[in-house]
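Colleague:
Protein chains: 2
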Amino acid sequence: MPPRPLPRPAENDAVLVSQDVLSRLKGDILDGHFAPGARLRFAELQRLYGAGIGTLREALSHLLPEGLVELDANRGFRVAAISAEDLRDVSDLHVEFEQRAIVQSVRHGGEAWESGLVLAFHRLARIERLTREERKQRSSEWLAAHRDFHRALVAACPSRWLLRLRAQTFDHMERYRLVSQRHRPLGPSKRAEHEAIQAAALARKAELAGELLAAHLRETTETVLRHAPQFMPPPPG
Amino acid sequence: MPPRPLPRPAENDAVLVSQDVLSRLKGDILDGHFAPGARLRFAELQRLYGAGIGTLREALSHLLPEGLVELDANRGFRVAAISAEDLRDVSDLHVEFEQRAIVQSVRHGGEAWESGLVLAFHRLARIERLTREERKQRSSEWLAAHRDFHRALVAACPSRWLLRLRAQTFDHMERYRLVSQRHRPLGPSKRAEHEAIQAAALARKAELAGELLAAHLRETTETVLRHAPQFMPPPPG
DNA sequence: CAAGCAAGCATGTTCGAAAATCCAGCCGCT
DNA sequence: AGCGGCTGGATTTTCGAACATGCTTGCTTG
Numbered sequence: 001m002p003p004r005p006l007p008r009p010a011e012n013d014a015v016l017v018s019q020d021v022l023s024r025l026k027g028d029i030l031d032g033h034f035a036p037g038a039r040l041r042f043a044e045l046q047r048l049y050g051a052g053i054g055t056l057r058e059a060l061s062h063l064l065p066e067g068l069v070e071l072d073a074n075r076g077f078r079v080a081a082i083s084a085e086d087l088r089d090v091s092d093l094h095v096e097f098e099q100r101a102i103v104q105s106v107r108h109g110g111e112a113w114e115s116g117l118v119l120a121f122h123r124l125a126r127i128e129r130l131t132r133e134e135r136k137q138r139s140s141e142w143l144a145a146h147r148d149f150h151r152a153l154v155a156a157c158p159s160r161w162l163l164r165l166r167a168q169t170f171d172h173m174e175r176y177r178l179v180s181q182r183h184r185p186l187g188p189s190k191r192a193e194h195e196a197i198q199a200a201a202l203a204r205k206a207e208l209a210g211e212l213l214a215a216h217l218r219e220t221t222e223t224v225l226r227h228a229p230q231f232m233p234p235p236p237g
Numbered sequence: 238m239p240p241r242p243l244p245r246p247a248e249n250d251a252v253l254v255s256q257d258v259l260s261r262l263k264g265d266i267l268d269g270h271f272a273p274g275a276r277l278r279f280a281e282l283q284r285l286y287g288a289g290i291g292t293l294r295e296a297l298s299h300l301l302p303e304g305l306v307e308l309d310a311n312r313g314f315r316v317a318a319i320s321a322e323d324l325r326d327v328s329d330l331h332v333e334f335e336q337r338a339i340v341q342s343v344r345h346g347g348e349a350w351e352s353g354l355v356l357a358f359h360r361l362a363r364i365e366r367l368t369r370e371e372r373k374q375r376s377s378e379w380l381a382a383h384r385d386f387h388r389a390l391v392a393a394c395p396s397r398w399l400l401r402l403r404a405q406t407f408d409h410m411e412r413y414r415l416v417s418q419r420h421r422p423l424g425p426s427k428r429a430e431h432e433a434i435q436a437a438a439l440a441r442k443a444e445l446a447g448e449l450l451a452a453h454l455r456e457t458t459e460t461v462l463r464h465a466p467q468f469m470p471p472p473p474g
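Those protein sequences? They're chains A and B, same order as listed.
Note that the working numbering has the first sequence beginning at 1, numbered continuously upward.
Note that the working numbering has the second sequence beginning at 238, numbered continuously upward.
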């Protein structure tokens, strides 16, 4: 069951093949199409993405420092493993990054930030109002909207580095959420929480927005951890 | 003036050509052989490192998410720019990472950590006892020892993610230090500070070690910033 | 003379053939 | 049976030729 048919229409605006492959490959790792720990063989990747070996290597090399794939010499690339320990580790840092970023974002955000946030929230809310069944069918749409919403919240944070690191940890958190979701039913919508965070942000209550966001993220992590045994690989012993 | 002669003897133990090129290229960017903002042309890189284009692209793709190089489509790779603003940004986060990491490291470190630290400090101290002239000649040796010393300090920190992010910001801090050093005389040795930090760590005074380390790093950043106009590119206007 | 265009060159990007490496299974030996 | 070495096939790694793109220069035209 290949993740996607071969030369997927350029729905993204990637100019370079390597960038296009990169985003597709990353998406397929984050949503669990490639299981944690799975080997990534070039023959298969070539078939799936229709790119040459060199191009694939370039994309995989990009994912290496992000911690999404691992490489051991002459044995090729593997999807990075997951563990409850790693989840707690990355989650703690991620919550902190998000909290700090949103506080600064609320304090520095101007009109453009407000508009962007309102728009992103609106798009997310439209999907989250649907029934569970509909949400399930349009999950990739929800995923993009959710991602955009969280990015919009922190978009006005002036620290480029904080945003960069937040983006890194966000990816990993997303992978944990999505991988765990494959092994349990879709949870209830977090619509109310998203709305509360957005409201606090627009009301310029920076500290409150930070607390709400942190709580939202912590709860998500706890939910994933609660279901962890169902999808976590057993310890190597 | 090429950074180094062509097929440098394999002084590191990199099994893969791409990994070897990666570490050399990274080193040459960090120490300013390739100036911030400079274009990285494949013809030149091929001549310098004796590797094929594909291999070079792989190494550059690795440096992309680390923020050391940038890519714009069909225009190739450039060394990432520097600025006083970026330095403050990355420095603030770096100081915090180091401080938290050393506190945890001191609390969790066992015998192996202690030995490693003692050894790393000893190696660094040997070089820092030399005269300024000698230190200048053996700067690459000092660089490695300094790097190892700081790594040894935080090595026992149990958070893999904290260590990973610390390593990322460390690289950028090192680049700022080295690039600025090319435009001003070598500063005085930080020997006493390093010794104080090591002593506090070995005495298991976690908080003290954290404070000393943070102060050490902040002072370094301030020194660099004080000399910033001499090496920072003027604002694009 | 300025604006627009086109040709030519410099450079970036992609791809898969060829070499290197690893690994599983087989064989012979103790 | 257990161990060590060997071989063939599977896989990874490297490389640069071939193609694509962007930039400069110099010509043409209004």
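Glycine included, each C-beta is placed from N, C-alpha and C at the ideal position.
(1) Please go through the same chain and pick out, in chain order, the residues whose beta-carbon is closer than 8 angstroms to the beta-carbon of leucine 449(B), but skip the five residues on each side of it.
(2) Could you name the residues of the same chain whose beta carbon sits closer than 7 angstroms to that of alanine 35(A), not counting the 5 residues immediately before and after it, in chain order?
(3) When DSSP builds the beta bridges, which residues end up paired with aspartate 309(B)?
(4) Can you confirm whether serine 298(B), when its beta carbon is compared against all beta carbons of chain A, has any partner nearer than 8 angstroms?
(5) Using 8 angstroms as the threshold, is the C-beta distance between valine 224(A) and glycine 32(A) below it?
(6) Give the range of the alpha helix (DSSP H) segment to which aspartate 323(B) is assigned.
(7) Whole angstroms are fine: how far does the CA of alanine 452(B) sit from the CA of glutamate 459(B)?
(8) Can you confirm whether glutamate 58(A), when its beta carbon is compared against all beta carbons of chain B, has any partner nearer than 8 angstroms?
(9) Please list, in chain order, the chain B residues whose beta carbon lies closer than 7 angstroms to that of serine 159(A).
(10) Does DSSP put valine 252(B) in a helix, in a strand, or in coil?
(11) What are the boundary residues of the alpha helix (DSSP H) that serine 396(B) is part of?
(12) Evaluate contact between the stretch 80-97 of chain A and the stretch 54-72 of chain A, counting only Cβ atoms and requiring at least three cross-stretch pairs below 8 angstroms.
(13) So what's glutamine 467(B) in DSSP terms, helix, strand or just coil?
(14) Is it the case that the Cβ atoms of valine 106(A) and alanine 206(A) are separated by a distance below 8 angstroms?
(15) Less than 8 angstroms between the beta carbons of valine 258(B) and alanine 73(A), yes or no?
(16) Which of the three DSSP states is assigned to arginine 421(B) in this structure?
(17) For valine 252(B) and chain A, any beta-carbon pair shorter than 8 angstroms?
(18) Can you confirm whether the stretch 323-341 of chain B touches the stretch 390-398 of chain B when touching is taken to mean that 3 or more C-beta pairs between the two stretches lie within less than 8 angstroms?
(19) Can you tell me the Cα-Cα spacing of alanine 446(B) and phenylalanine 358(B), whole angstroms?
(20) Rounded to whole angstroms, how far is the Cβ of arginine 414(B) from the Cβ of histidine 464(B), which I believe are closer than 8 angstroms?
(21) Closest to leucine 486(B) by C-alpha separation, out of Leu285(B), Trp379(B), Gly264(B) and Leu439(B), would be which residue?
(22) So, for glycine 37(A): in the same chain, excluding its five sequence neighbours on each side, which residues have a beta-carbon less than 7 angstroms away from its beta-carbon?
(23) Does the distance from the CB of arginine 294(B) to the CB of glutamate 58(A) come in under 8 angstroms?
(24) Between Arg428(B), Leu439(B), Met410(B) and Pro466(B), which lies nearest to arginine 325(B) when the distance is taken from Cα to Cα?
(25) Per DSSP, arginine 39(A) forms a beta bridge with which residues?
(26) Could you check if proline 239(B) is buried or exposed, using at least 16 other CB atoms within 10 Å of its CB as the buried criterion?
(27) Establish whether the CB of alanine 73(A) and some CB of chain B are separated by less than 8 angstroms.
(28) Counting only Cβ pairs nearer than 9 angstroms, list the residues of chain B close to aspartate 86(A).
(29) Along chain A, in chain order, which residues have C-beta atoms closer than 7 angstroms to that of glutamate 371(B)?
(30) Leaving out the 5 sequence neighbours to the left and right, which residues in its chain are closer than 8 angstroms to glutamine 168(A) when beta-carbon positions are compared?
(31) Around the C-beta of glutamine 374(B), are 16 or more other C-beta atoms found within 10 angstroms, so that it is buried, or is it exposed?
(32) Output, in chain order, the set of chain A residues within a Cβ distance shorter than 7 angstroms of proline 302(B).
(33) Taking its Cβ as the centre, do 16 or more other Cβ atoms sit within 10 Å of serine 377(B), making it buried, or is it exposed?
(34) Taking alanine 362(B) as the reference, which of Arg337(B), Glu348(B), Leu380(B) and Ala349(B) has the closest Cα?
(35) Could one say the Cβ of arginine 166(A) lies closer than 8 angstroms to chain B's Cβ atoms, at least one of them?
(36) Since I believe tyrosine 49(A) is in contact with leucine 25(A) (beta carbons under 8 angstroms), could you give me their beta-carbon distance rounded to a whole number of angstroms?
Modeller: In this structure, then:
(1) Glu430, Ala433, Ile434 and Ala437
(2) Val79
(3) Gly313(B)
(4) At a cut-off of 8 angstroms, the C-beta of serine 298(B) has a neighbouring C-beta in chain A.
(5) No, the Cβ-Cβ distance between valine 224(A) and glycine 32(A) is not below 8 angstroms.
(6) 321-345
(7) 10 angstroms
(8) Chain B, which has a Cβ nearer than 8 angstroms to the Cβ of glutamate 58(A), makes this yes.
(9) Asp326
(10) coil
(11) Per DSSP, serine 396(B) belongs to no alpha helix (DSSP H) and is neither H nor E.
(12) yes
(13) helix
(14) yes
(15) No.
(16) coil
(17) yes
(18) Proximity of the stretch 390-398 of chain B to the stretch 323-341 of chain B meets the contact definition, three or more beta-carbon pairs being nearer than 8 angstroms.
(19) 14 angstroms
(20) That pair is no contact at about 11 angstroms.
(21) Given a span of 238 to 474 for chain B in the structure shown, any question on residue 486(B) remains unanswerable.
(22) Arg78, Val79, Ala81 and Pro233
(23) Yes, they are a contact pair.
(24) Between arginine 325(B) and the set Arg428(B), Leu439(B), Met410(B) and Pro466(B), the nearest pair of CA atoms involves Met410(B).
(25) Arg78(A)
(26) With a pLDDT of only 32 at proline 239(B), under 50, the local geometry of the prediction cannot be trusted, and the value read off the model is given with reservation. The residue is exposed, with fewer than 16 neighbouring Cβ atoms inside 10 Å.
(27) yes
(28) Arg397 and Trp398
(29) Under the 7 angstroms cutoff, chain A gives no residues; its nearest Cβ is about 35 angstroms from glutamate 371(B).
(30) Glu66 and Gly67
(31) exposed
(32) His62, Pro65 and Glu66
(33) exposed
(34) Leu380(B)
(35) no
(36) 7 angstroms
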